[in-house]
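*Asks:* Take a look at the following structure, please.
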Amino acid sequence: MNTTGTFIHSEQVSQIAAISAALESDIVSGALPAGTVLDEVWLSEKYRVERADIQSVMHTLVARNLAERSYSKGLVVAEITRERIAQMFEALSEIDLLCVRLAAERMTLGEVWALEELHRQMGAMVEAEDYDAYDRANARFHDMICRSTKNPDLVVMRTGVRGRLIGLVARQVDTPARLNTSHDQHGAIVRALRNRDAVQAEEALKTHIAFSAEHILSNVDV
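Counting along the sequence shown from 1, when you hit position 190 you're at 190 in full-length UniProt numbering, and nothing is skipped either side.
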């Protein structure tokens, strides 16, 4: 059986996905500002791939509303609108809700204990009003839940969407009151997961998402 063609095709797809992810990150972070011309020749030389590969990447960027066609310039970086950010946050929220439902059924006892310990540590961060540490721990908290689903595709999906949101949204907790509320909501999620209650875990996360969404979308600076 000749697998050479399949291997090359798989490698090419992975390369295209990596280029797409790199460009998406540059667009979302502002490294490639709105209006920047996405020249196929320059990009193919930069990434050392065929123009056909870059064209595939461009189709993906257009489909995700990160690039658009200009009659005078060709393909350019699109402006990241509040609506686009809301769409990305909606996608992340739906992935997280699926993750927490599955996690309630699939988490090992060790994973539950690890999540409880992280939540305990975050309590100390709340007491100290350490926003930076809490922000990092918050990301880890939700990542741990996602990984406990034992579904690598969900992890990849969540990492991709969250990566596009980083740098676009304000810190979710920026006052002592918000720190305490966020921590209390995390506690409700942890308790539901410990009890293997998928319905309650989802409801607790919905409350947490609504709390975050209102703040994030009201502070979008676009």
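Glycine residues also receive a C-beta, built at the ideal position from the N, C-alpha and C atoms. Because the structure is a prediction, the values reported are computed rather than measured.
1. Less than 8 Å between the C-beta atoms of A114 and A198, yes or no?
2. I believe R164 touches E24 by the beta-carbon criterion, under 8 Å. Please report the beta-carbon distance rounded to the nearest angstrom.
3. In this structure, how does DSSP classify L75 when only helix, strand and coil are distinguished?
4. Can you tell me which of the three DSSP states V37 falls into?
5. Report yes or no: do three or more beta-carbon pairs, one from the stretch 196–212 and one from the stretch 94–101, lie closer than 8 Å?
6. How big is the Cα-Cα spacing for L32 and V76?
7. Compare the beta carbon distance of M125 and A133 with 8 Å and say whether it is the shorter of the two.
8. Where A52 and L38 are concerned, what is the direct C-alpha to C-alpha distance, given to the nearest angstrom?
9. Here's the rule: buried if 16 or more other CB atoms are within 10 angstroms of the residue's CB, otherwise exposed. What is A63?
10. Can you tell me which of the three DSSP states E68 falls into?
11. Distance, Cα to Cα, L109 vs H215?
12. When the Cα of A192 is compared with those of E116, Y71, L217 and L66, which residue comes out closest?
*Replies:* The short version:
1. No, Cβ-Cβ distance for A114 and A198 is not below 8 Å.
2. About 6 Å separates the beta carbon of R164 from that of E24, a gap short enough to meet the 8 Å contact definition.
3. In this structure, L75 counts as strand in the three-state DSSP scheme.
4. In this structure, V37 counts as strand in the three-state DSSP scheme.
5. Under the Cβ criterion (8 Å, minimum of three pairs), the stretch 196–212 counts as touching the stretch 94–101.
6. Take the alpha-carbon of L32 and the one of V76: they are about 10 Å apart.
7. At a Cβ-Cβ threshold of 8 Å, M125 and A133 count as neighbours.
8. One C-alpha to the other measures close to 14 Å.
9. It counts as exposed.
10. Shown here, E68 sits in a strand according to DSSP, grouped into three states.
11. Note on geometry: alpha-carbon atoms of L109 and H215 lie some 33 Å from one another.
12. Minimum Cα distance to A192 is reached at E116.
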